[in-house]
Amino acid sequence: MTKINLDQNKCIGCNTCVLMDPETFEMDTTIYKAKVKKQPEVITDIIKSAVEACPVGAITIEQ
Ligand code: SF4
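Residue numbers (the numbering used here): 439 to 501.
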């Protein structure tokens, strides 16, 4: 099963992934770290772009 992992220990709260794909990612404003809002059924190009755009490599896709 496909799963997106977001390592909050690495996340610096830049908000890039949230802006790029607000359906999949959201900001936890209590700690200013992003989290997965909804696990997607398929990995879209937008999700792949968000993974690549993360400046600290906090998001990974488990296939
Ligand atoms: S792009 Fe990376 S560092 Fe920026 S909010 Fe998302 S997970 Fe955190």
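Beta carbons: idealized from backbone N, C-alpha and C, even for Gly.
For residue i, the nearest candidate out of the options (CA to CA)
{"i": "residue 477", "options": "471, 491 and 498", "result": "498"}
{"i": "residue 562", "options": "462, 467 and 494", "result": "Since the displayed the chain opens at 439 and closes at 501, residue 562 lies outside it and no answer follows."}
{"i": "residue 455", "options": "469, 440 and 490", "result": "490"}
{"i": "residue 494", "options": "481, 451 and 440", "result": "451"}
{"i": "residue 469", "options": "488, 453 and 439", "result": "453"}
{"i": "residue 439", "options": "492, 488, 473 and 481", "result": "481"}
Boundaries (first-last residue) of the alpha helix (DSSP H) holding residue i
{"i": "residue 450", "result": "First-last for residue 450: undefined, no H or E at that position."}
{"i": "residue 464", "result": "Counting along the chain, residue 464 falls outside any alpha helix (DSSP H), though it belongs to the beta strand (DSSP E) covering 463-466."}
Beta-carbon gap between residue i and residue j smaller than 7 Å
{"i": "residue 459", "j": "residue 496", "result": "no"}
Assumed close pair residue i, residue j - CB separation to whole angstroms, cut-off 8 Å
{"i": "residue 464", "j": "residue 475", "result": "4 Å"}
{"i": "residue 441", "j": "residue 479", "result": "Not confirmed; about 11 Å, so no contact."}
Span of the beta strand (DSSP E), counted from its first residue to its last, around residue i
{"i": "residue 496", "result": "Looking at the DSSP string, residue 496 is not in any beta strand (DSSP E), and its letter there is neither H nor E."}
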